[in-house]
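Protein chains in written order, with this note's numbering: chain U, 962 to 1361; chain E, 10 to 395.
Using N, Cα and C, we set each Cβ at its ideal position, and we do this for glycine too.
Since we're looking at a predicted model, the values are computed, not measured.
The block underneath contains the structure these notes are about, expressed in structure tokens.
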Amino acid sequence: MTDAEDLRRRTAELLAAHPPASTERLDFLRARFDAGLAWVHYPEGLGGLDAPRSLQAVVDAELAAAGAPGNDPGRIGIGLGMAAPTILRFGTDEQKQRLLRPLWTGEEVWCQLFSEPGAGSDLAALATRAVREDGGEDGDEGDWIVDGQKVWTSSAHLARWAILIARTDPGLPKHRGISYFLCDMTDPGVEVRPLRQITGEAEFNEVFLTGVRIPDSHRLGEVGEGWKVARTTLMNERVAIGGARMPREGGMIGVAAADWRARPELRTHDLHQRLLTLWVEAEVARLTGERLRQQLSHGQPGPEGSGMKLAFARLAQEISGWEVEFLAEDGLTYDDWTMRRPDGVDFTGREAGYRYLRAKGNSIEGGTSEVLLNIVAERVLGLPPEPRTDKDVAWKDLPR
Amino acid sequence: MNDGTPLNGTPAADPDLLYSAEEDALRDAVRSLLADRSDPATVLAGLESQAAYDTGLWRALATDIGAAGLLVPEKLGGAGASAREAAVVLEETGRCVAPVPYLTSAVIAVTALLGCDHDQADVAAPLAALAGGNAVGVLAVPLPTAPGGPAAPTVRATADGALTGRVTSVADAAGAELLLVPAEGPDGPVLYAVEAAADGVRTDPVTPLDLTRPLGHLTLDGAHGRLLASGDRARTAVAHALLTGAGLLASEQLGVAEWCLAETVRHTAERTQFGRPVGSFQALKHRMAALWLEVASARAAARNAADALAAGSADAPVAVAVAQAYCAPVAVRAAQECIQLHGGIGMTWEHPAHLFLKRAKSDELALGSPGRHREALAGLVSLDAP
Ligand SMILES: Cc1cc2nc3c(=O)[nH]c(=O)nc-3n(C[C@H](O)[C@H](O)[C@H](O)COP(=O)(O)OP(=O)(O)OC[C@H]3O[C@@H](n4cnc5c(N)ncnc54)[C@H](O)[C@@H]3O)c2cc1C
């Protein structure tokens, strides 16, 4: 079993063989992956050492102290948080060998082709079709031909790969006729159009799929079992938040507190009361995340995970709203309305107005707060489900 | 041990927010005792009996399980555990609104005594008695007193230890044998031990909002006591007792909230209206899910306060203020939601929900209201008022 001492030794060896000061960033990241120090809880040969997940912090601390380059999780969040755990669980050996290293180093960015104009919260209602081509003699060896439209696709303009769900049997009830694919975004028939958003920039996109040819070797899981695979992706999407360690006054509350300290002339009693309340809530959210992290590292994942995203979204919105109000006249201005295509979300670098607007998405992206409350109520508290009218009806017969 | 000096905004290095195996075992023991002897029907019946507390239950908890001595070192007659374990006991007593003087005697009074010089027999003897559960002691301050302490004690002490004055709304005063009385002496603050049965001591019971935690007004009229500490030592002993009380009260509030949520979920999953369980209506589900998140967060806050107190961390004042500011309203909200989502049955005397609302609301005022704790925090983390 790999322990902290062993990891420190391996990290020291990596640093000795590839001194960060004189090594190209990508070369260093590749070497780190090959040494099993990328995500230590992954299997050997795939960037890990089968070590406990909690020990990653040991490696990260040593590497940060040595000034080693990071793998820029902002840009590659979807790959790290969603694609990788799904590929690890459902992928073939070849897929894992081919895809995980460039995913982790950030050489290949991933996006998530799940949502559609008619299928957001009700994701399983999706209409994008994947039809199997006649493979000639061998019968079922053909490629899949995909047609449809996806929307709100973050990073599609940067992505080399996508995780994609599509309907392969419209005659089955909606959850049962879906299959899960890996889509090469450079293939003909994939068209990405920027979708300008509330902040002025275009973080996400519309993606049109027209006769896109996907080989069957790029399918994850069985035909018709795509929903099961997608659930792994979605669960990881929600757990990915809250697991990270944060210092007191880390993130947005730190910016708000710094504003308060810097601008005594803007203080009012009402704003003081509300800031203190938000400060307490941010500190408690930090502790709740810390408790979740401790539970995970003791191998006892608690249900707190599903709640962290809810808390984070609400706090981000309230703190940024407070900040704009506190800044008074400065809160009336905005830093930049040009339609940029950023790599990620900048929650501390840009001005308050940006934070305020972007935070509105926190309770929508990755499952809305309403949908998450349903999940907590039914799966954590065990409350009775809503009556359902769509359960045993073939997808093609559902009202749309 | 904490000397009350705040440290600006530096959290404890590595708070342990989980429960240890020993803590889980302690919880099991306390929970099964309370399930036997402090179920809601028993607590309700006991309210009519006029007793200061349930003596049988107290003996079993304090002496048989040894919970009264958790905070006391072994050499002084206790179990040598810490605030973390005491917090677990309070989660369980909160979950049953158990009518026992655990918070007042085993936490606050014991911590005040531990802050005095326990090489002295006058300190060591009462400490051993409280730790063994053989006597109940209370710190004679009004229940709403925040950890900063009362502005000035309302009791005066003469040089020869005669105490005169009045202290209102002292929790569990009626059942206490020993009163720890902060007073103003000729040379500054002093802390005295007074027998409740001594001449010149009168306890007038008050009708409390929370029937499970009785209140009394104390009147001292030249009563004689033994000096426990004086000067800064007396002041910090009292301040630390209140800080510890406030920090661990968060665990009681967590227990109260947990019961309210669990009971509400159970009830709404069973109660049928409009042809379906009312718990399947989203308007209710979302309220319960939101409450669940608050309870999960309250657990992290309460554990952090208990851990900081156990470690004697310089961050304890911040951890306690955060826990009180957060957990007190969560318990109140949980109790209010519990009554609302029970409908008419929640308004009846027979249903125990009202016991939890009364406890939660009185706990919100106890040992500093959330607003007082937020104010304290402003100073501790440099977010100055306008
Ligand atoms: C910034 C951002 C980035 C995104 N990135 C991606 C991405 O990279 N890839 C991707 O696939 N998708 C992405 N999305 C899409 C996102 O997952 C969906 O927007 C989201 O799941 C909600 O779906 P919808 O927008 O269709 O809203 P709808 O489902 O139409 O919901 C409308 C309203 O109804 C409520 N509602 C819906 N169903 C219920 C219910 N059962 N009970 C109660 N209320 C309900 C919702 O909460 C919401 O308030 C992104 C979205 C945003 C905002």
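Contacts that residue i makes with chain U (C-beta to C-beta distance below 9 Å)
i, result
"Q291(E)", "E1331, L1334, N1335, A1338, E1347"
"V247(E)", "Simply none; closest approach about 25 Å."
"A5(E)", "Since the first residue of chain E shown is 10 and the last is 395, residue 5(E) is not available in this structure."
"L254(E)", "A small correction: the amino acid at residue 254(E) is Gly; Leu does not occupy that position in the sequence shown. Within chain U, no residue comes near G254(E); the closest Cβ sits about 19 Å away, beyond 9 Å."
Closer than 8 Å at the beta carbon, the chain U residues around residue i
i, result
"H295(E)", "E1331, L1334, N1335, A1338"
"V274(E)", "L1342, G1343, L1344"
"L302(E)", "G1268, L1271, A1272, V1337"
"R285(E)", "P1345, P1348"
Host beta strand (DSSP E) of residue i (start-end)
i, result
"D1145(U)", "1139 to 1145"
"E1167(U)", "1165 to 1175"
"E1152(U)", "1151 to 1156"
"G225(E)", "224 to 233"
"G146(E)", "146 to 148"
"A166(E)", "164 to 166"
C-beta atoms of residue i and residue j nearer than 9 Å
i, j, result
"P1345(U)", "E1339(U)", "yes"
"Q1073(U)", "S1140(U)", "no"
"R93(E)", "V265(E)", "no"
"F365(E)", "A344(E)", "yes"
"E1069(U)", "W1000(U)", "no"
"P361(E)", "V52(E)", "yes"
"Q333(E)", "A314(E)", "yes"
"D1108(U)", "V1184(U)", "no"
"L1239(U)", "T1047(U)", "no"
"G65(E)", "G78(E)", "no"
"T1089(U)", "A1127(U)", "yes"
"A998(U)", "R971(U)", "In the sequence on display, residue 998(U) carries Leu and not Ala. Yes, Cβ-Cβ distance for L998(U) and R971(U) is below 9 Å."
"L1271(U)", "A299(E)", "yes"
"A1091(U)", "F1142(U)", "yes"
"W1065(U)", "L1084(U)", "no"
"G1328(U)", "I1336(U)", "yes"
"A96(E)", "G146(E)", "no"
"A255(E)", "G377(E)", "yes"
"P217(E)", "S47(E)", "no"
"P1134(U)", "V1354(U)", "yes"
"V215(E)", "P223(E)", "yes"
"P156(E)", "A248(E)", "yes"
"F1308(U)", "R1301(U)", "no"
Within chain U, partners of residue i - CB distance below 7 Å
i, result
"P395(E)", "R1228, T1229, H1230, H1233"
"V190(E)", "Within 7 Å Cβ-Cβ: nothing; V190(E) doesn't reach chain U, min ~33 Å."
"N313(E)", "L1248"
"A334(E)", "V1241"
"A298(E)", "L1334, V1337, A1338, L1342"
"G288(E)", "L1344, P1345"
Terminal residues of the alpha helix (DSSP H) in which residue i lies
i, result
"H363(E)", "362 to 374"
"I1126(U)", "Per DSSP, I1126(U) belongs to no alpha helix (DSSP H); it is in the beta strand (DSSP E), 1122 to 1128."
"V1092(U)", "Counting along the chain, V1092(U) falls outside any alpha helix (DSSP H), though it belongs to the beta strand (DSSP E) covering 1090 to 1093."
"H1233(U)", "1230 to 1258"
"Q1110(U)", "Unbroken run through Q1110(U) is the beta strand (DSSP E), 1105 to 1115; no alpha helix (DSSP H)."
"V274(E)", "240 to 279"
"K1321(U)", "Here K1321(U) belongs to no alpha helix (DSSP H), and DSSP marks it neither H nor E."
"Y335(E)", "325 to 351"
"Q129(E)", "Here Q129(E) belongs to no alpha helix (DSSP H), and DSSP marks it neither H nor E."
"H382(E)", "379 to 389"
"L42(E)", "30 to 46"
"G1215(U)", "1213 to 1223"
Under 7 Å by beta carbon: chain E residues contacting residue i
i, result
"Q1255(U)", "L26, L27"
"L1237(U)", "R383, L386, A387, L392"
"T1249(U)", "A305, S306, A309"
"A1259(U)", "Contrary to the premise, residue 1259(U) reads as His rather than Ala in this sequence. Under the 7 Å cutoff, chain E gives L27."
"A1218(U)", "L392"
Beta-carbon neighbours of residue i, restricted to chain E and to distances below 8 Å
i, result
"W1000(U)", "Chain E residues near W1000(U): none, gap ~23 Å exceeds 8 Å."
Proximity test, residue i beta-carbon vs ligand 2 heavy atom, cut-off 8 Å
i, result
"F1165(U)", "Among the ligands modelled here, namely ligand 1, ligand 2 does not occur."
Neighbour flag for residue i against chain C, beta carbons, 9 Å
i, result
"T221(E)", "Here chain C cannot be found, since the structure's protein chains are U and E."
>> List, from N- to C-terminal side, the beta strand (DSSP E) runs of 3 residues or more that fit wholly inside the segment 1039 to 1077 of chain U.
In response: Counting only runs of 3 or more, we get 1071 to 1074.
> Considering only residues of the segment 171 to 213 of chain E, which uninterrupted beta strand (DSSP E) runs meet the minimum length of 3 residues and lie entirely inside it, listed in chain order?
Replying inline: List check, beta strand (DSSP E) in window: 171 to 180, 187 to 194, 197 to 204.
> Using a Cβ cut-off of 8 Å, which residues of the segment 1281 to 1295 of chain U contact any Cβ in chain E, in chain order?
Replying inline: Those would be none; no residue qualifies.
>> Give me the subset of the segment 1094 to 1127 of chain U whose CB atoms are less than 9 Å from a CB atom of chain E, sorted by chain position.
In response: Across the segment 1094 to 1127 of chain U, no CB contact with chain E closer than 9 Å is found for any residue.
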